[in-house]
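Residue numbers (the working numbering): 120 to 241.
Written out as structure tokens, the structure is:
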């Protein structure tokens, strides 16, 4: 398998821009974590969750429509398979809103200059 490929609900997504793929492990802290009166941090990490930021340039109108159908239809939580440090991980995630901006016509059809979405582990 080539790296930086991502599947959502078993569907292979278009390859993101070279700088449009960022998979991060994010900390989730226990409730009541913060700083005490002395200014010392207190609390513990409850768990780690993945966040995947995706960005594409110049997707066709049909590609954007396919992405909208994939992310805007049920289920709200879905399977995601992605590369993280050379290993493929599988998680259940939800998505932020899909943003598609800069629609333009370029001879053979309509394209969007910038398309982005984030996937966040449940």
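Backbone N, C-alpha and C fix where the C-beta goes; we use that ideal spot for every residue, glycine too. Given the structure is predicted, the values throughout are model-derived calculations rather than measurements.
Counting along the chain, where does the alpha helix (DSSP H) carrying residue i start and finish?
i: residue 184; result: 180-191
Return helix, strand or coil for residue i, following the three-state DSSP convention.
i: residue 196; result: coil
i: residue 241; result: coil
i: residue 173; result: strand
Where do the ends of the beta strand (DSSP E) carrying residue i lie?
i: residue 208; result: 206-214
i: residue 221; result: 218-224
i: residue 128; result: Counting along the chain, residue 128 falls outside any beta strand (DSSP E), and DSSP gives it neither H nor E.
i: residue 141; result: 140-148
Return the residue from the list the options that minimises the CA-CA distance to residue i.
i: residue 237; options: 207, 175 and 154; result: 175
i: residue 140; options: 189, 230 and 169; result: 169
i: residue 178; options: 205, 200 and 219; result: 219
i: residue 147; options: 132, 163 and 155; result: 163
_I'd like to know if the stretch 213-222 and the stretch 189-202 are in contact, where contact means that at least 3 CB-CB pairs between them fall below 8 Å._
A contact exists between the stretch 213-222 and the stretch 189-202.
Could you tell me whether the stretch 129-144 touches the stretch 155-170, using the rule of 3 or more Cβ pairs below 8 Å?
Yes, since at least three Cβ pairs between the stretch 129-144 and the stretch 155-170 fall closer than 8 Å, the two stretches touch.
Spell out a yes or no on whether the stretch 219-232 and the stretch 151-170 are touching, meaning 3 or more CB-CB pairs, one atom from each, closer than 8 Å.
-> Here the stretch 219-232 makes no contact with the stretch 151-170; the two share fewer than three CB pairs at distances below 8 Å.
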